[in-house]
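S.K.:
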Amino acid sequence: MSGPAPARSPVPRRPRRHDPGRRDRLIDAALTVITERGVAGTTHREIARVADVPLGSMTYHFTSLEEVLFEAFTRHAGAVARVFDERLGAAPDRAAAVEAVITLVSDDLLGSQHDLVLTMELYVAAARNPALRAVTQAWMARSRQALERHFDATTARELDALIEGLVLHGVLSTDPMTPEQVRHAVHRYLR
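To get the numbering used here, take the position in the sequence shown, counting from 1, and add 3.
Here it is, written out as structure tokens:
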């Protein structure tokens, strides 16, 4: 006959980690995953792995993967729009604004493969997702607002479309335009 089981000492509870930046890290991790795997390959599990947090953090901070994508793409679009604001805000006149647009396209928009991939993923996802289309619409409105500091509303809208077209060509072409070709295109349009 065996006696009572020996008393087990309680398993010490792991202290709760105070991690106020976790939600932001998850959004940053989502941007990394989108860049590496595309929207189609982005999962809660993969984002949590890249952020080095438990999977449950995803459902604690976000109601759905769509919300994560919305937040991530909103962050990306906001960062790019800030560059527009900074470049065009620093231009004292129209001639400097034209140069700012050329630099914006050649250096800022086409200069980062990471940002180019994110932008393309956003465009493709927004084509089918109205919530993400709202992100692109807000981004375009902000870009145009920056351009309207130096150009009338019609020119700003058309110039914004030219910029987007130059970016698309830069991403998709095996022979992308050189900075001089970008310069020529912008000057030719604004003549």
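For each residue, glycine too, the CB sits at the ideal point set by N, CA and C. Predicted model, so just to flag it, every value in this text is computed and none were measured.
Who are the near neighbours of Ser60 in its chain, counting only those whose CB is closer than 8 Å to its CB and skipping five residues on each side?
M.R.: Arg25, Leu29, Ala51, Ala54
S.K.: CB-CB under 6 Å to Phe87, same chain, minus the five flanking residues each way: which ones, in chain order?
M.R.: Contacts found: Ser146, Ala149.
S.K.: If I'm right that Leu1 touches Val104 with Cβ under 8 Å, what's the distance once you round it to whole angstroms?
M.R.: What is shown of the chain runs 4 to 194, which leaves residue 1 out entirely.
S.K.: Find out if the Cβ-Cβ distance for the pair Ile37, Glu167 is shorter than 8 Å.
M.R.: no
S.K.: Tell me where the alpha helix (DSSP H) around Ser60 begins and ends.
M.R.: 59-64
S.K.: In the DSSP assignment, find the unbroken alpha helix (DSSP H) run with Ala43 in it and report its ends.
M.R.: Counting along the chain, Ala43 falls outside any alpha helix (DSSP H), and DSSP gives it neither H nor E.
S.K.: Where do the N-terminal and C-terminal ends of the alpha helix (DSSP H) with Thr177 fall, by residue?
M.R.: Where Thr177 is concerned, there is no enclosing alpha helix (DSSP H), given that its DSSP letter is neither H nor E.
S.K.: Does DSSP classify Gly24 as helix, strand or coil?
M.R.: coil
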